[in-house]
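Beneath this line is the structure, given in structure tokens, with notes to follow.
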Amino acid sequence: MPLFEIKGFEKSFGNTQVLKGIDFSMEKGQVLAIIGSSGSGKTTLLRCINFLETPDKGIMYLNGEKLCDAETDRKMTDAQIRKMRLHFGLVFQNFNLFPQYTAFENICLAPKLQIDKKAPDRKKKIAEIDEKAAKLLENVGLADKKGFYPCQLSGGQQQRVAIARALILEPDILCFDEPTSALDPELTTEVLNVLIALSKQNTTMIIVTHEMEFAAEIADEIIFMDKGVVAARGTPDYIFGKSGNERLESFVGTLSKQ
Ligand SMILES: Nc1ncnc2c1ncn2[C@@H]1O[C@H](COP(=O)(O)OP(=O)(O)OP(=O)(O)O)[C@@H](O)[C@H]1O
Ligand SMILES: [Mg+2]
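In the working numbering, the protein residues as written are 84 to 341.
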């Protein structure tokens, strides 16, 4: 049984249909990379999966159970959406850290807000979060940057804080939208290495990326999106080989000439 499945995702902005019926499924521990040209709908798809955008149509299943159906769940409350969103983590292109908080505080903020103010074991829970955050900072190689503010960190370091911040909530699926596109090549490597380490720990991930070599290395499967549809799907060998899919070969060919 797949861990996660989406069926028939459609989304329009005004008269423009951006997602035209997207289906895919993935297993626990799998890494799915999404590639495709600019404007093909990759970010919109991730935003729909993370409840930042409401699809017009489409059903999501998690662990075989229906998580939501866009057509019948139109009137979800904010609390319901917040609860479902916890299944997913999203790391953005531009890190989006809170500038007024340190690296450590950025990581701890969301789980601390979830603790009931009147919980009798509140102190213990806070201590547990602090411990977990310290461990995550260490895992992303930033143990010595605990008290640093985002403006005191490089782009690669900020992105690693953003990854730790997503991981602390223990999402079922961690999504990345071009996590390295705002970074210099050397900083890109340090972020990609964190993602590769996560994949080795069987973290289930969906990664939108323009880094084709990285996609080939990390992904179990790759989806090629073109004009709002899944135009091809397969292993890296298939996607980057002679797939016989004209649009895909042209896209991959254009990139390799850059
Ligand atoms: N909030 C919005 N309102 C109107 N149109 C939007 C909105 N968000 C996205 N679009 C349009 O949807 C289309 C797909 O955008 P999307 O950001 O999903 O593409 P993408 O594949 O992520 O592209 P890129 O590789 O450049 O990041 C684009 O034509 C974009 O202009
Ligand atoms: Mg995008």
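The C-beta atom is built at its ideal place from N, Cα and C for all residues, glycine as well.
What is the residue span of the beta strand (DSSP E) that residue i lies within?
i, result
"I118", "114 to 119"
"D106", "99 to 109"
"A299", "Premise fails: A299 lies in the alpha helix (DSSP H), 295 to 301, not in any beta strand (DSSP E)."
"R130", "Unbroken run through R130 is the alpha helix (DSSP H), 125 to 132; no beta strand (DSSP E)."
Could you tell me the alpha carbon to alpha carbon distance between residue i and residue j, rounded to whole angstroms?
i, j, result
"T263", "T271", "5 Å"
"D227", "V274", "17 Å"
"D255", "T286", "8 Å"
"L219", "F187", "10 Å"
"I301", "K201", "44 Å"
"I279", "S326", "26 Å"
"A396", "K229", "The structure shown does not extend to residue 396, since the chain is modelled only from 84 to 341, so the question has no answer here."
"Q163", "R157", "11 Å"
"F181", "N189", "6 Å"
"C234", "Q197", "27 Å"
"M308", "L252", "29 Å"
"C191", "P268", "29 Å"
Need the endpoints of the alpha helix (DSSP H) that residue i sits in, please.
i, result
"F307", "Where F307 is concerned, there is no enclosing alpha helix (DSSP H), although the beta strand (DSSP E) it sits in stretches over 304 to 309."
"F96", "Careful: F96 lies outside any alpha helix (DSSP H), inside the beta strand (DSSP E) at 87 to 96."
"D320", "319 to 323"
Excluding the 5 residues flanking residue i on each side, which residues of the same chain have their C-beta closer than 8 Å to its C-beta?
i, result
"R243", "V223, G224, L225, E273, V274, V277"
"K195", "I209, I212"
"P138", "F92, E93, K94, L102, C131, A153"
"E294", "T263, T271, L275"
If the criterion is Cβ atoms closer than 8 Å, does the pair residue i and residue j meet it?
i, j, result
"A116", "I305", "yes"
"S231", "T185", "Strictly speaking, residue 231 in this sequence is Phe, with Ser absent from that position. Closer than 8 Å, so yes."
"V335", "T126", "no"
"A245", "F171", "no"
"F103", "E136", "It is worth fixing the name first, because residue 103 is Lys in this sequence and not Phe. Not a contact, by the Cβ cut-off of 8 Å."
"A133", "L173", "Here residue 133 turns out to be Asn, not Ala, going by the sequence shown. Result yes, Cβ atoms of N133 and L173 sit closer than 8 Å."
"G124", "G311", "yes"
Between residue i and the rest of its own chain, which residues show a CB-CB distance below 6 Å, the 5 nearest in sequence each way excluded?
i, result
"S108", "P85, E88"
"G239", "L266, L270, E273, V274"
"Q176", "D260, E261, S264, A265"
"M143", "I89, L150, C151"
Please list, in chain order, all residues of the same chain as residue i whose beta carbon is under 7 Å from its beta carbon, the five residues on each side excluded.
i, result
"R205", "I198"
query = Whole alpha helix (DSSP H) runs in the stretch 228 to 288 with 4 or more residues, listed along the chain?
reply = 238 to 250, 268 to 283
4-residue-minimum alpha helix (DSSP H) runs that sit fully inside the stretch 160 to 207, ordered along the chain = 161 to 168, 186 to 196
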